[in-house]
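Protein chains in written order, with the working numbering: chain V, 18 to 433; chain Z, 46 to 216.
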């Protein structure tokens with residue numbers, strides 16, 4: 018018996034923290050939460066809009082069974098509404114407008130009749146209400162002492178194809194509810210945040226004589242050209258300190274990965290294979306993963322910078338043409354079918370450098386452009402399915418995917 | 046002792062098999078609205094004007110788009126004939142122009158690899174043009190990946206029309 022227990026203990030300890038193993042949480046065992054709206058000033062349409070955003074955010078937390086019925090109550094009422102009596106938690110909130118037109122919000126969490134958490138929020142305009150919703154979800158997650166969901170508050174930047182050779186670069190929240198077109202007109206692709214603060218970004222302009230990497234300072238609206246290349250140029254990744262870029266360039270018509278020093282403006286060719294090397298992503302300061310066709314089909318490889326050490330990282334999939342890495346984990350896009358004439362399925366898979374497990378993260382359609390959150394808790398990706406383009410989010414530790422559809426156009430690439 | 050070890054293995058196997066379930070819960074949150082963008086109609090003009098009097102756009106229309114196989118950037122014999130004709134034009138009627146080769150792909154992937162594939166297609170044509178005697182300095186390349194489709198239907202004809210390299214003349 019002791020042997021059995023110790024065997025199970027060893028197994029548990031070995032695999033407990035491995036994200037490549039799916040943990041199917043029992044949905045029924047999640048605590049329930051009901052919402053009570055005590056808002057004044059605003060009309061029913063807006064109240065419902067906010068309610069839906071908050072329900073969506075709470076669902077993404079994956080901590081509760083969220084009640085989807087919109088119920089109202091007075092903010093200072095002693096009792097929760099009758100229908101919420103059996104809920105483990107009740108979230109009561111009040112939106113009100115101040116003299117300057119700002120949207121104010123008071124919120125409290127009631128558990129067994131007692132206020133256990135309370136906070137207030139304010140944004141200057143009511144049409145950016147979704148950021149309050151994200152902040153509430155973030156705070157509730159902190160209150161529940163779960164691993165951080167700081168990525169909820171981060172801003173997504175994406176390029177949207179609106180016609181042949183026409184695109185827009187858009188800044189949005191992670192649910193695409195807020196969208197601000199920051200570059201309109203022209204043919205601009207592959208936006209990439211330039212720093213952690215998200216106050217500047219790079220993108221590829223395809224309008225000039227040569228593809229050109231440009232840098233935009235959002236505050237000053239200053240656009241400057243960084244470097245041009247014949248054929249193609251993409252900023253694939255930016256180092257944590259923002260000082261080194263991983264570029265895919267084709268200076269002599271040959272797509273390869275280069276490191277680019279932002280301060281000195283010097284670049285260095287990191288791959289020399291005669292086929293295709295693209296999509297460099299920092300694993301840490303000295304290692305990158307990238308996509309190469311050196312086996313005759315696209316697959317994921319790693320390289321130690323300043324050496325010639327190259328290693329194949331993935332041994333599954335017929336065509337693995339995009340990847341992102343975070344510490345020991347790599348998420349990659351694999352073509353599941355290989356047909357020139359019919360719809361192909363592309364799914365995202367997760368591997369760990371420490372185990373042999375492969376976990377499939379998506380099930381249907383074209384899933385691409387995976388991007389880890391900074392803390393590795395979630396993966397953002399693009400899904401194109403049945404003429405519908407969406408941004409999806411995968412909560413790795415909860416085994417849940419959420420999709421946020423784009424109203425028009427097709428997402429070409431994104432970063433967050 | 047044997048039975049203890051055996052039951053341990055069975056339990057471990059059960060735990061393993063429980064973990065390998067592939068069910069993924071997908072949740073749609075917002076209502077779906079679809080807006081279709083009209084495809085560009087590609088018109089190929091074919092005139093009978095003598096070469097010396099042709100305008101840039103007339104010559105450009107004589108440069109036929111080269112198509113490629115799925116996930117390939119190699120040139121087949123049909124493509125080679127188009128390139129040979131383009132090279133002849135490049136030495137005669139289009140001798141005063143430079144050319145930009147625009148590589149394109151079908152819609153299977155918006156990633157960098159697709160852009161690189163479009164570029165490799167353009168590069169194959171560049172190499173072939175150089176082999177036919179056109180100066181490399183007259184040729185520039187750009188890849189538009191899947192972002193410049195001439196056809197957006199979900200059919201095999203449509204996909205094959207998008208796997209292409211277009212010739213654009215530059216003054």
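Note that the Cβ used here is the ideal one computed from N, Cα and C, for glycine as well.
It should be emphasised that the depicted structure is a prediction, and the values quoted were computed from it without experimental measurement.
| request: Would you identify the three-state DSSP class for residue 134(Z), choosing helix, strand or coil? | output: Helix at residue 134(Z).
| field | For residue 214(Z), the three-state DSSP class (helix, strand or coil) | value | Annotated three-state conformation of residue 214(Z) is strand, per DSSP.
| message | Taking 8 Å as the threshold (beta carbon to beta carbon), is residue 121(Z) in contact with chain V? | response | For residue 121(Z), the answer is no, since every Cβ of chain V falls outside 8 Å of its Cβ.
| task | State the DSSP-derived secondary structure class of residue 163(Z), mapped to helix, strand or coil. | result | Helix, per DSSP.
| message | Considering only DSSP beta bridges, list what residue 210(V) is partnered with. | response | DSSP lists 218(V) as partners of residue 210(V).
| field | Assigned secondary structure, residue 175(Z) (DSSP; H/G/I helix, E/B strand, else coil) | value | The answer is helix: DSSP assigns residue 175(Z) an H, G or I state.
| said: So, under 8 Å CB-CB, residue 378(V) and residue 397(V) are touching, yes? Tell me the CB distance rounded to an integer number of Å. | reply: With a beta-carbon spacing of about 12 Å, residue 378(V) and residue 397(V) fall beyond the 8 Å limit used to define contacts.
| residue 74(V) burial status per 10 Å Cβ neighbour count (16 or more: buried) | Residue 74(V) counts as buried, since no fewer than 16 other beta carbons sit within 10 angstroms of its beta carbon.
| task | Under 9 Å between beta-carbons, which chain V residues line up against residue 212(Z)? List them in chain order, please. | result | Ordered by position in chain V, no residue passes the 9 Å Cβ test against residue 212(Z), which lies about 15 Å from the chain.
| field | Nearest-angstrom Cβ-Cβ length linking residue 105(Z) and residue 213(Z), presumed shorter than 8 Å | value | Yes, they are in contact, since the Cβ atoms of residue 105(Z) and residue 213(Z) sit about 7 Å apart, within 8 Å.
| task | Could you check the C-alpha separation between residue 116(V) and residue 90(V) for me, to the nearest Å? | result | So the alpha carbons of these two residues sit roughly 24 Å apart.
| query | Which parts of the stretch 360 to 430 of chain V are runs of the beta strand (DSSP E), unbroken and 3 residues or longer, counting only runs that do not cross its ends? | reply | For the stretch 360 to 430 of chain V, whole beta strand (DSSP E) runs of length 3 or above, ordered along the chain, are 363 to 369, 375 to 377, 383 to 389, 395 to 402, 405 to 412, 417 to 422.
| query | Under a three-way DSSP split, which group does residue 349(V) fall into? | reply | Taken through DSSP and simplified to helix, strand or coil, residue 349(V) comes out as strand.
| query | Quick one: is residue 248(V) buried, meaning 16 or more other Cβ sit within 10 Å of its Cβ, or exposed? | reply | With 16 or more other CB atoms across the displayed protein chains lying within 10 angstroms of its CB, residue 248(V) is buried.
| Would you report the Cα separation of residue 304(V) and residue 322(V), rounded to the nearest angstrom? | Rounded to the nearest angstrom, the two C-alpha atoms are 6 Å apart.
| Anticipated Cβ contact below 8 Å, residue 426(V) with residue 177(V), distance rounded | In this structure, residue 426(V) and residue 177(V) form a Cβ contact; the two beta carbons are roughly 4 Å apart against a cut-off of 8 Å.
| Using CA coordinates, which residue listed in 158(Z), 132(Z), 126(Z) is at the minimum distance from residue 190(Z)? | Ranking the options by Cα distance to residue 190(Z), first place goes to 158(Z).
| Of the residues 339(V), 422(V), 416(V), the one placed nearest residue 363(V), counting alpha carbons only | Checking every option, the nearest Cα to that of residue 363(V) belongs to 339(V).
| message | Mapping the DSSP letters down to three states, classify residue 101(Z) as helix, strand or coil. | response | It is helical.
| task | Could you pull the start and end residues of the alpha helix (DSSP H) that residue 98(V) belongs to? | result | Element bounds for residue 98(V): n/a, residue is neither H nor E.
| field | Same chain, Cβ closer than 6 Å to residue 387(V), five either side skipped, listed in chain order | value | The residues are 341, 348, 365, 396, 398.
| residue 276(V) - partner residues in DSSP beta bridges | Residue 276(V) is bridged to 263(V), 285(V).
| Supposed contact pair residue 282(V) and residue 275(V) - C-beta distance, whole angstroms, cut 8 Å | In this structure residue 275(V) is not in contact with residue 282(V), their Cβ atoms being roughly 12 Å apart against a cut-off of 8 Å.
| query | Mind listing which residues of the stretch 267 to 280 of chain V have their C-beta closer than 7 Å to chain Z's C-betas, in chain order? | reply | Of all residues in the stretch 267 to 280 of chain V, 267, 270, 272 have a Cβ within less than 7 Å of some Cβ in chain Z.
| message | Please list, in chain order, the chain Z residues whose beta carbon lies closer than 9 Å to that of residue 265(V). | response | Going along chain Z in sequence order, the residues near residue 265(V) (Cβ under 9 Å) are 157, 160, 161.
| task | Specify whether the stretch 124 to 136 of chain V and the stretch 104 to 112 of chain V touch according to this definition: at least 3 beta carbon pairs, one from each stretch, less than 8 Å apart. | result | Between the stretch 124 to 136 of chain V and the stretch 104 to 112 of chain V there are three or more C-beta pairs closer than 8 Å, enough to call the two in contact.
| Quick one: what's residue 341(V) bridged to in DSSP? | Paired residues: 348(V).
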